[in-house]
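Protein chains in written order, with the UniProt record's numbering: chain Z, 1 to 992; chain P, 1 to 992.
Quick look at the structure:
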């Protein structure tokens, strides 16, 4: 099928010796006579009638109330009746019964599981259905990702995995034309941008702010053109976007699933209650009324919902009748035509209408479905899972890279069989909109974490094998995943060990290392044997409390490491038997901590931060920071009974309670690091930390167990109050890529009636947020997705943790009240905010690399004792570091001979004089140990040759219709990257 | 198919001029090469293993919580998720996927609805499945009838209708081999007798007394031979009977329907929670434990339940896996073999085992599933529906007879198109075990009644057409269905009208007529113009109250009519303008009322009956009678929380409350009738009535609205206390046929531990009960099914009405608290008990014809004004009345040229010196207006030639194995009937 020929094409290309264009398409062309899928397979419509596109579909959460595998098998139906294996069984059966019928399937995580259990004859049957457009894949990623709490890197990965499976299984007919995010709770602009670059012709979703919807219904702007990037040249990131009429449900009274109670069509006049006339009348009323709020003579109806079609006969039998009886009225003059359809067939008709469409450039956050129901809680829900997901992505990228750099031995080597696939799948399901979003049941959250941990086990074997090959040493490699709480049995007890620091970035990295130790003095030397400045500081009381007997180190060894691009270096650590005592902590608050870049002052009376200065730019702001909690609404409220919950944030007062007006403090000042440790309460503490070589101030917060003995749910924030004159503006990133401007009590596309002064001003922060005025910009880089807002001038608040006592009635049916066996009294969460103070025109030059280092952080592995003398202590997979603007987004083994490479320009067009420039990279000279034999460019999701990617063109109402971007033939090895551009390549490589 | 050849055979026979044997079988023989159904199609079993027969099945109530058509379509799934159309769709699909799979279907009422909606190709597919034994019909009647509250006449009819459809549609392969009453709440011996005579090889059910089950499990007597008649020669009424292991449910943990939550088999080792080993282990444990309480190395498991298999894939997918994984262990020495099977395949293995089986001669009433949970309430529940069902049967038999006697014009004649089919179907569904049983929801009860009323509308047209043909008059014919409450607009206002009295019995009948009138004097003359004694009496106050403005007659005209066998006569009624005043009522109680047969005395102080004497036999008993109510348990009880409800009777005290210790009385004594009208309370009254020519004393009771303002549920009984020395014995009929002996606190087959002194001594009374000693027998003939018992010596109590405030937690989820728009404050019910006092050896000579007259009562139709002079005033369809022992059970049009005839010997072998003798009837000389051209004898259900009916022979543990009865060739037109024998004939007839 297509994938084969895609491979053939690449192989052919390689044989031709590196020619960068290729003639071959997908093999469905070879069998064109028997294949009619995609737009060609759509049913005819009637130009002079209102055409109602019935779209049978199921929405199969990749985990929510049940785990993904419970959903697949239909286990634990006592929790929720849902069994995806049966859905696919049943739909295929029913499609075969009537060639007019259509079905769309969305979540490849499930389809894949089902497919591999099918007989080859069933597989052949399904291929035929796909080839005839009767079964159509839409979206097609491994899951339907969350948009508020995901990072673009992981989203692209999961989409790539799902679409690759479809491509390899079904070829071109399996390629989704439409993106389909019917359930996520608000929509990120970056998602739209990615979908555009993945080649989707259009995008449909179900949820948006109720005020926004109302205005759009009146203005007939529920279908629009979304220009999803301020940097990419239109129409590269233009995405036609349609808002579905009923979320993703059928119109009222027309749900014929086994889970519904709507009356079936009873068309036997011999039996009681013949209701055909009534059904047809009700349907026509709904159709005509729906047509009033859309532009064309086509409307769509989503005939399905959560886990529906387990018994597809119920749906199709009644839909067959509906179509028959409604269309029968045409002979009596009815002007309504109903047909089985798909989102792409509907989209095709919209495109054929050749209208102009409202242009949108902002996003769809926050989402409120009623005046007091803002879905802004999940931006922060389950902060520990959100961090684990983010660090897992970093580990996976390292795993992927080392699979490429280490060669085949990495998958089967001295440490056994390893793989990256397990972790890829675990990460892919974790992107689901009830996974990293934190809106699943507790047992399901545990399952996602377990899957990630299991994936990482598989990766560890691979990483060990790979590093063994690269270092020429099979010495046992120890992983310490709990360094954030100063736990690492090896370093706690060993007198001599080495640390391998792998840097997954394409640039050298400088990184502070803190290792739990029990000695008081150590020597550290780098790969060249050169001693490195190191300091021993005491483990803070907060850390001792939260690690709960998982480790017993009394001190931490702190030193700065530097690792080469896409490579590692090695540090040796030895206990000094008679070294100096560790740095002593000082009670009370120092006036100032300072390194060569930053100066931080504190208020000696309160123990709080008081100012921040950038010594290089010579700018300074007042900065106080403290911790507060909002009292979560318990639903007992005159305005609304909505409580705060996993989805919804609803403080019952706009004024948060301060947790401690003052902080007890102590400090440590060493040459490597200066720390001010603050205690705000028994359950909130923080370390303000300044490493010697860092341009960012680290705030390491520890929150929990959030007390609930007062029966009050609490939403814990930290708030930075500054002298910056923000004028009610602040800025947040979209999925870790482009920045969006936010304004208090304001939405760019409609006249907002604000009804929740706090929750209605919260936005997702995936990697950073900033506030600024003309001279100062304070950027906060986060280590996970969080919610935040700027409620007061100069202020930025970030929600860190939530503990709630009521379910918010959106289905999860559990209060978000996290405990674990280690923390039965409530989860303790620790994280870091990195603060960067800069001049606005150059702030991105600082925060882009800073955030990049947080997203892809070095992986430390440890070896006890002395290393073998032949061990290769340093390695870089690159011939040279990439330019600062270029991020190596993906380096991953594709198949035996080829690797997937994504290069990204990580600056927006406007944000840096230095870095917002086009830049080129030479692919042939990229790697130090890999020969690149050939290259083919792909779309972002790697399921289509870039040169064959043709998308519908759409005309915006305002502004010129953009010229269609012509495909740039990569005629040389030099590939250019413009601001925010991601280019995806399939490289044929061989290890040197 | 079979039916065709059955028809062909009859036709051939007719051509041969009435030869009474016939050579042809069923046409499946012609295509034997491609047909392997029935026992031949069973899967092989393994002789040295425990064979577990998995029987996939669905139990589809023909109405219960929803109406039958709601169940069919899956409407009102908010009440209960159930849609039979989808079940059959799905099962057929799934059977096609794997030829090993099996399914049984039971309720032809549903299958018929489904079948007629299928395409011919689907019909062909289903025929193939039936021909291969993959889809097997069991039971196969229109419904699964109730056994406690049905009359054999209607049960035979509904079975005949269902089995006829299967025969005509599928031929021999559609003929059920097994009767299957998995849900009815106790089992009647007469049902077993009927099933035996219908040719079933065996019978399975699910419910029996928990004590009985426990004993049978220990004794391995859950499979037994039921000798179901004391009159028919074994093995005519012998029925092999199996008690299913889990009611009709799957073993615990193995329910894989969409309605269940048991874990599916998760056999993909790549997914979480692989559970094959656990499932197999649990299954083997259950199978081995089940095998300990059955005799053979075969056990059966019912894999299904109520309305299951709507998505059959769930079941079959997991059953396929179960079979695969359990049997896979055989290679490791496991001795358990699992297979898809059917009840008949299981039965065949039991038969092959060639063992002896416990013999049972009593019945399975009452049914208790726990110490305080006796299902004896439904014997009486919904007494109005029970009566309406019974009178509807009478009307339907009249309709059937007149369709035959009137010829084709009856179906299409001067009054339009009429049919008996609608009413046949209505009556058939009314036999369901949640229909006439009274255990359905109120709206469903209403639907059954509506269906019966609608059926009667169709029949009225037919009857009018037929009578028009027979009378030679198209005068408009008026039906008065509410004569029991003295409502008939015509007679109330007309000055001259005629009454046609049709008698559906094969003997002349004498019948008292009471017509509501507003005149004070009338003349009545018979068909010969001869005046008839008539009297006008005032309408009782009780009647005036209950008719609620539906009629306004102040008087009733009373006279005795006599009608010829299977025919009618006509009476003319004229108002006398200056006639005498009506008979006056006398306040107070007379000492005695008396006619030439009976003498009845009253206690002047109490107004109650005090004695009854038979003047012919010169016997006399003390007899008092009064009304009482048991206080229904509300579930708030230390012994058990079981309340009384639609199913369960549970008085919270064994002593009932008397409703009125004394009765207010008045009396009317005329030459035609003598009445003592008794008022016991505002809601209980009675008329004790003695017609001039009657040998039975009529007690017409009126009960309701049962008051509930005291928040007490009430179960109203009447109790007859006599001087008869009953020694704790009494007698009740089984489905209106044979009488069974009952004894207080005793069961014939096990040592009863009585835990409910009243409810545990209640039994169903379908048509009569009696108490007796050596010299006196008091028989009470009822007009509907009721529950009753004999708690004290000489006493017989009958429950008349129930009004309850709590649901009894058996699923119906409604308290049995009947109201209607006419009786919003509670239903009023009226009925009749007929008392006959006789010498025991000859009592049946009285009660058999008496009950026969109640079951098939004359139909009165009215014509206003003068009849046309040419009107034929009298007609009998018979050449002569049949002998007293012979009941004409069925006379019904079969197809254009043939009619179905059933003749019944209505006496048990022991009950009458005179009548318990064989008797012969000449079929050729039977009818006065029909020529009988040919005759073929059939089995009782008319779906098999009698000569081809071969059943498994079984050996009882005790007693001789009966000789197989050889088929008696009806070599002459004379057919013999022995006690309790029913013979079924297909006659080819032509109207003279």
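Built from N, CA and C at the ideal position, the CB exists for glycine as well.
Subject >> residue 692(P) to residue 273(Z) span [Cα, whole Å] >> reply: 50 angstroms
Subject >> Partners in chain B for residue 305(Z), counting only beta-carbon separations shorter than 9 angstroms >> reply: In summary, chain B is missing from the structure at hand, where the protein chains are Z and P.
Original post:
Just curious, the alpha helix (DSSP H) that residue 114(P) is in, first and last residue?
Top reply: 108 to 115
Subject >> Cutoff 8 angstroms: residue 310(Z) Cβ touching any chain P Cβ >> reply: yes
Subject >> Chain-ordered neighbours of residue 113(Z) on chain P, where CB pairs are closer than 9 angstroms >> reply: 268, 270 and 271
Original post:
Across which residues does DSSP place residue 593(Z) in a beta bridge pair?
Top reply: 600(Z)
**OP:** Use the C-beta contact count for residue 993(P): other C-beta atoms within 10 angstroms, 16 or more gives buried, fewer gives exposed.
**Re:** Look at the range of chain P in this structure, 1 to 992, and you will see that residue 993(P) is not part of it.
**OP:** Measure from the alpha carbon of residue 370(P) to the alpha carbon of each residue in 293(P), 786(P), 308(P) and 810(P), then state which is nearest.
**Re:** 810(P)
Subject >> Pairwise C-alpha distance: residue 513(Z) and residue 561(Z) >> reply: 7 angstroms
**OP:** Since I believe residue 387(Z) is in contact with residue 733(Z) (beta carbons under 8 angstroms), could you give me their beta-carbon distance rounded to a whole number of angstroms?
**Re:** Going by Cβ atoms, the distance from residue 733(Z) to residue 387(Z) rounds to 17 angstroms, so no, they are not a contact pair.
**OP:** Determine the burial state of residue 214(P): buried for a count of at least 16 other Cβ atoms within 10 Å of its Cβ, exposed for fewer.
**Re:** exposed
Subject >> 4-residue-minimum alpha helix (DSSP H) runs that sit fully inside the stretch 191 to 235 of chain Z, ordered along the chain >> reply: 210 to 219
Subject >> residue 22(P) classed as buried or exposed, judged by whether at least 16 other C-beta atoms fall within 10 angstroms >> reply: Because residue 22(P) sits at a pLDDT of 32, beneath the cut-off of 50, its placement in the model cannot be relied upon, and the following sentence gives the value as read from the coordinates. It counts as buried.
Original post:
Can you tell me whether DSSP reads residue 146(P) as helix, strand or coil?
Top reply: coil
Subject >> Rounded Cβ spacing between residue 179(Z) and residue 165(Z) (contact assumed at less than 8 angstroms) >> reply: So it is not a contact: roughly 17 angstroms between Cβ atoms.
Original post:
In chain order, which continuous runs of the beta strand (DSSP E) of length 3 or greater are located wholly inside the stretch 273 to 360 of chain P?
Top reply: 298 to 303, 336 to 340 and 356 to 360
Original post:
Cα separation between residue 878(P) and residue 929(P)?
Top reply: 8 angstroms
Original post:
How long is the line joining the alpha carbons of residue 269(P) and residue 282(P), rounded to whole angstroms?
Top reply: 19 angstroms
Original post:
Is the number of C-beta pairs between the stretch 311 to 331 of chain P and the stretch 53 to 60 of chain P that are closer than 8 angstroms three or more?
Top reply: yes
**OP:** Determine, using beta carbons only, whether residue 117(P) comes closer than 8 angstroms to chain Z.
**Re:** yes
**OP:** Mind checking the stretch 65 to 86 of chain P against chain Z and listing, in chain order, the residues whose C-beta falls within less than 8 angstroms of any C-beta there?
**Re:** 67, 69, 70, 72, 73, 74, 75, 76, 77, 78, 81, 83, 85 and 86
**OP:** Name, going along the chain, the residues of the stretch 702 to 725 of chain P whose beta-carbon falls closer than 7 angstroms to a beta-carbon of chain Z.
**Re:** none
Original post:
Got a sec, what are the start and stop residues for the alpha helix (DSSP H) residue 787(Z) sits in?
Top reply: Looking at the DSSP string, residue 787(Z) is not in any alpha helix (DSSP H); the run it does join, the beta strand (DSSP E), is 786 to 789.
Original post:
With a cut-off of 8 angstroms, do at least 3 Cβ pairs link the stretch 878 to 895 of chain P to the stretch 913 to 929 of chain P?
Top reply: yes
Subject >> Pair within 8 angstroms by beta-carbon distance, residue 438(P) and residue 390(P) >> reply: no
Original post:
For residue 737(Z), does the three-state DSSP call read helix, strand or coil?
Top reply: coil
Original post:
Would you say residue 263(P) reaches chain Z, if we count a Cβ-Cβ gap shorter than 8 angstroms as a contact?
Top reply: yes
Original post:
Are the beta-carbon atoms of residue 651(Z) and residue 759(Z) separated by less than 8 angstroms?
Top reply: yes
Original post:
Is residue 808(Z) near residue 642(Z), with beta carbons less than 8 angstroms apart?
Top reply: yes
Original post:
Using a Cβ cut-off of 7 angstroms, which residues of the stretch 573 to 605 of chain P contact any Cβ in chain Z, in chain order?
Top reply: none
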